[in-house]
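Here the structure comes first, spelled out in structure tokens, and everything after it is commentary.
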Amino acid sequence: MEPIVVNNNFKSEEYFINMGPQHPATHGVLRLLLTIDGEIIKKVEPDLGYIHRSIEKMCERDSYQQIVHLTDRMDYLSSNINNEAVCLAIENALQLEVPERVKVIRTIIGELTRIASHTLWWGVMGMDVGAFTTFFYGFRDREMINDIFEETCGARLTMNYNMPGGLMFDIHPNFIKRTKEFVAHFKTKLPEYDALLTNNIIFQHRTKGVGILTKEDAISFGASGPVGRASGYSCDVRVHHPYSALDKVKFKEAMRTTGDTFARYEVRIEEMWESLSIIEQLIDNIPEGDYKVATNAVIKLPKGEFYQRVETARGELGVYIISTGTKNAHRVKFRSPGFSNLSLLNHISVGSKIGDLVAIMATLDLVIPDIDR
Amino acid sequence: MTNEALQNIITTWIPELEFSEAESQFLNITVKPEQLHELMLQLKNNNETKFDYLFCLSGVDWGTDLGVVYHLESTDYRHTIVVKVKTADRENPTFDSVCDIWKTAEFHEREVFDFFGIKFNNHPNLKRLFLTEDWSGFPLRKDYVDEINMIVK
Numbered sequence: 002m003e004p005i006v007v008n009n010n011f012k013s014e015e016y017f018i019n020m021g022p023q024h025p026a027t028h029g030v031l032r033l034l035l036t037i038d039g040e041i042i043k044k045v046e047p048d049l050g051y052i053h054r055s056i057e058k059m060c061e062r063d064s065y066q067q068i069v070h071l072t073d074r075m076d077y078l079s080s081n082i083n084n085e086a087v088c089l090a091i092e093n094a095l096q097l098e099v100p101e102r103v104k105v106i107r108t109i110i111g112e113l114t115r116i117a118s119h120t121l122w123w124g125v126m127g128m129d130v131g132a133f134t135t136f137f138y139g140f141r142d143r144e145m146i147n148d149i150f151e152e153t154c155g156a157r158l159t160m161n162y163n164m165p166g167g168l169m170f171d172i173h174p175n176f177i178k179r180t181k182e183f184v185a186h187f188k189t190k191l192p193e194y195d196a197l198l199t200n201n202i203i204f205q206h207r208t209k210g211v212g213i214l215t216k217e218d219a220i221s222f223g224a225s226g227p228v229g230r231a232s233g234y235s236c237d238v239r240v241h242h243p244y245s246a247l248d249k250v251k252f253k254e255a256m257r258t259t260g261d262t263f264a265r266y267e268v269r270i271e272e273m274w275e276s277l278s279i280i281e282q283l284i285d286n287i288p289e290g291d292y293k294v295a296t297n298a299v300i301k302l303p304k305g306e307f308y309q310r311v312e313t314a315r316g317e318l319g320v321y322i323i324s325t326g327t328k329n330a331h332r333v334k335f336r337s338p339g340f341s342n343l344s345l346l347n348h349i350s351v352g353s354k355i356g357d358l359v360a361i362m363a364t365l366d367l368v369i370p371d372i373d374r
Numbered sequence: 061m062t063n064e065a066l067q068n069i070i071t072t073w074i075p076e077l078e079f080s081e082a083e084s085q086f087l088n089i090t091v092k093p094e095q096l097h098e099l100m101l102q103l104k105n106n107n108e109t110k111f112d113y114l115f116c117l118s119g120v121d122w123g124t125d126l127g128v129v130y131h132l133e134s135t136d137y138r139h140t141i142v143v144k145v146k147t148a149d150r151e152n153p154t155f156d157s158v159c160d161i162w163k164t165a166e167f168h169e170r171e172v173f174d175f176f177g178i179k180f181n182n183h184p185n186l187k188r189l190f191l192t193e194d195w196s197g198f199p200l201r202k203d204y205v206d207e208i209n210m211i212v213k
């Protein structure tokens, strides 16, 4: 019998399409140059720099106190943690021991920042894959945290609450009460998140088995944060290099092994539970004492190199300061988590469809100013 | 593994390396450009060192020298090390790329090329990452001048 020859009349042809720089699914001015064949992605090439402000160059010009304020504008959803990273780097360089009270407050606010970032991510993640309600649920809960921040330091997003040597002000008298109210409130709301989105069968079909990242690739691409941990790679800086009061608390590093979009989603949901647990362990035990130690009006770091790693909501942030002993840094480098996480986008999305790419990008949780520093 | 033990192992591969622990919390190695790739490959593949995580790659302008600083960590042993490579050639600084060893280096090296003008041999896609193709100069170099957009104190 002769083999059947299938006569395919539809010719396959590759072409380019732009996604962004103002596409709703890119969460900022990121432009992706897609090479596609039908709806199958052949190549994703990010085009960066639309909002690059050269923060690293500005850091060489400004004083060390001023540098802290610039870091808000990198990953604005983790602004407090960015501030903390620079302050820790400067304090380590000066060998300045900050009071226990400062460490505990920094950790509590850091975890609140993480929850605020993850609730926003959860809201827009749902919206990216077609579930509109999540956006309102996420923003409702995030609003409570922003109100706490506003009462504490006057700002809701770019906080500038940290400074080298401690904090700008002491916490507001209502801080402990309102934080406890939030924790109690959010514990009843997180199961709703699961009921609304996690257990939704359409959502699971959109995310399971999509954009798989293996553990070896996660390490090689320098993935960090929930992106790395969803691939079974233990990369939480809070566990391996604890800072502030994180060595005093017990928490589980949220991990999954499948490495797909759904795993990255689950890791972030679990991280919110763990952050609540960290806050609960600390909120009743804030030590008495000063909220800052005095530093010189002009900070001069000793000659040398200083590196500080922290875990932002997106992953590992590194602050690398080279000092020549003057009042300005010779070089400041920020190792941003989003930059490394973006570099693996092409690797995990080749072969999937455009709709999958949107879901993959949502769980990489990119904040573009963090990439375009 | 302690810094001392690391130093003892690494010296057996390439004898003429410079080690330093002064003014830094890590063990620093300064390597000649022509030995960079060989050292990096050993650091990644040797079973006792296993530096599989390149967590930071920075370009640095030391004034006279241009160079690159690599921060490495082992995810198995959790030890860290810093590798530095420098060149006095400001016209055409070139090092070997390490993106065949750590894939994250591909983007980071493009960033360094963009802002410092340091070229990397064997890089698959070495072109500007943030700035436009027709941009002249390399902004993070110390001798970069832009009279319109920069405020100099």
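As they're listed, the protein sequences go chains A and B.
So for the first sequence, this note's numbering puts the first residue at 2; every next one is plus one.
So for the second sequence, this note's numbering puts the first residue at 61; every next one is plus one.
For glycine and all other residues, C-beta sits at the position ideal for the given N, C-alpha and C.
Straight-line gap, residue i to residue j (C-alpha atoms, nearest Å)
{"i": "L49/A", "j": "I287/A", "result": "43 Å"}
{"i": "W274/A", "j": "T325/A", "result": "43 Å"}
{"i": "E83/B", "j": "P243/A", "result": "22 Å"}
{"i": "S337/A", "j": "V158/B", "result": "19 Å"}
{"i": "E272/A", "j": "F173/B", "result": "37 Å"}
{"i": "V333/A", "j": "E57/A", "result": "6 Å"}
{"i": "E78/B", "j": "E133/B", "result": "19 Å"}
{"i": "E193/A", "j": "L277/A", "result": "16 Å"}
{"i": "D63/A", "j": "W123/A", "result": "36 Å"}
{"i": "V355/A", "j": "L198/A", "result": "Sequence check: residue 355/A is Ile here, not Val. Taking the straight line from one Cα to the other gives about 21 Å."}
{"i": "K253/A", "j": "C236/A", "result": "12 Å"}
{"i": "F17/A", "j": "P370/A", "result": "26 Å"}
{"i": "D171/A", "j": "L117/B", "result": "37 Å"}
{"i": "D125/B", "j": "F180/B", "result": "16 Å"}
{"i": "I106/A", "j": "P303/A", "result": "28 Å"}
{"i": "Y77/A", "j": "S13/A", "result": "43 Å"}
{"i": "G127/B", "j": "N81/A", "result": "32 Å"}
{"i": "D142/A", "j": "A246/A", "result": "25 Å"}
{"i": "M126/A", "j": "R315/A", "result": "14 Å"}
{"i": "T62/B", "j": "K202/B", "result": "36 Å"}
Residue-level contact to chain B via CB, residue i, 7 Å cutoff
{"i": "Y321/A", "result": "yes"}
{"i": "G111/A", "result": "no"}
{"i": "G21/A", "result": "no"}
{"i": "S118/A", "result": "no"}
{"i": "S337/A", "result": "no"}
{"i": "S341/A", "result": "yes"}
{"i": "S344/A", "result": "yes"}
Any C-beta of chain A under 7 Å from that of residue i
{"i": "E83/B", "result": "yes"}
{"i": "T62/B", "result": "no"}
{"i": "Y113/B", "result": "yes"}
{"i": "S4/B", "result": "An answer regarding residue 4/B cannot be provided, because it is not within the stretch 61 to 213 covered by chain B."}
{"i": "F198/B", "result": "no"}
{"i": "K144/B", "result": "no"}
{"i": "N135/B", "result": "The sequence given here has Thr at residue 135/B, not Asn. By this cut-off, T135/B is an interface position."}
{"i": "L118/B", "result": "For the sequence presented, residue 118/B should be read as Ser rather than Leu. Judged by the 7 Å Cβ criterion, S118/B is in contact with chain A."}
{"i": "K163/B", "result": "yes"}
{"i": "F79/B", "result": "no"}
Whole-angstrom C-beta distance between residue j and residue i, which should lie under 8 Å
{"i": "G139/A", "j": "L121/A", "result": "6 Å"}
{"i": "I349/A", "j": "G212/A", "result": "4 Å"}
{"i": "L97/A", "j": "G166/A", "result": "6 Å"}
{"i": "E98/B", "j": "I70/B", "result": "The pair is not a contact, with the Cβ atoms about 12 Å apart (cut-off 8 Å)."}
{"i": "V351/A", "j": "I42/A", "result": "6 Å"}
{"i": "F307/A", "j": "A94/A", "result": "4 Å"}
{"i": "V184/A", "j": "E281/A", "result": "6 Å"}
Proximal residues to residue i (C-beta, below 7 Å), its chain only, five neighbours per side dropped
{"i": "D373/A", "result": "L49, G50, Y51, I52 and H53"}
{"i": "E217/A", "result": "none"}
{"i": "Q102/B", "result": "W73"}
{"i": "T258/A", "result": "G233"}
{"i": "Y283/A", "result": "Before going on, a small fix: residue 283/A reads as Leu here, not Tyr. Once the five neighbours on either side are set aside, the close Cβ partners of L283/A are V105, T108, I109, A246 and V250."}
Same chain, Cβ closer than 6 Å to residue i, neighbours up to 5 away in sequence not counted
{"i": "R269/A", "result": "H119 and P227"}
Neighbourhood of residue i by C-beta distance below 8 Å, restricted to the same chain and skipping five residues each side
{"i": "L66/B", "result": "L87, T109, H139 and I141"}
{"i": "T134/A", "result": "G127 and L197"}
{"i": "Q66/A", "result": "M164, P165 and I300"}
Distance cut-off 6 Å: residue i Cβ against heavy atoms of the ligand HEM
{"i": "E289/A", "result": "Absence of the ligand HEM from the depicted structure is noted, as is the absence of any ligand whatsoever, leaving it without description."}
| query | In the region 84-95 of chain A, which residues sit with their C-beta less than 9 Å from some C-beta in chain B, listed in chain order? | reply | N93
| task | Please name the residues in the region 33-65 of chain A whose beta-carbon is closer than 7 Å to at least one beta-carbon of chain B, in chain order. | result | L49, G50, H53, S55, E57, K58 and R62
| request: Could you run through the region 214-229 of chain A and flag, in chain order, every residue whose CB is less than 9 Å away from some CB of chain B? | output: E217, D218, I220, S221, F222, G223, A224 and S225
| query | For the region 230-264 of chain A, which residues have a CB atom closer than 8 Å to at least one CB atom of chain B, in sequence order? | reply | Y234, S235, C236 and H241
| query | Residues in the region 149-170 of chain A with C-beta within 9 Å of chain B's C-beta atoms, listed in sequence order? | reply | none
| Which of the residues in the region 309-335 of chain A, read from start to end, lie with their CB under 7 Å from any CB of chain B? | E317, G319, Y321, I323, R332 and K334
| said: Tell me which residues of the region 293-309 of chain A have at least one Cβ-Cβ distance to chain B shorter than 9 Å, keeping chain order. | reply: P303, K304, G305, E306, F307 and Y308
| field | Contact list for the region 169-189 of chain B against chain A, Cβ threshold 7 Å | value | L189
| field | Members of the region 84-100 of chain B that neighbour chain A once the beta carbon cut-off is set at 9 Å | value | S84, Q85, F86 and N88
| Looking at chain B, which residues of the region 350-374 of chain A have a Cβ within less than 8 Å of any of its Cβ atoms? | D373
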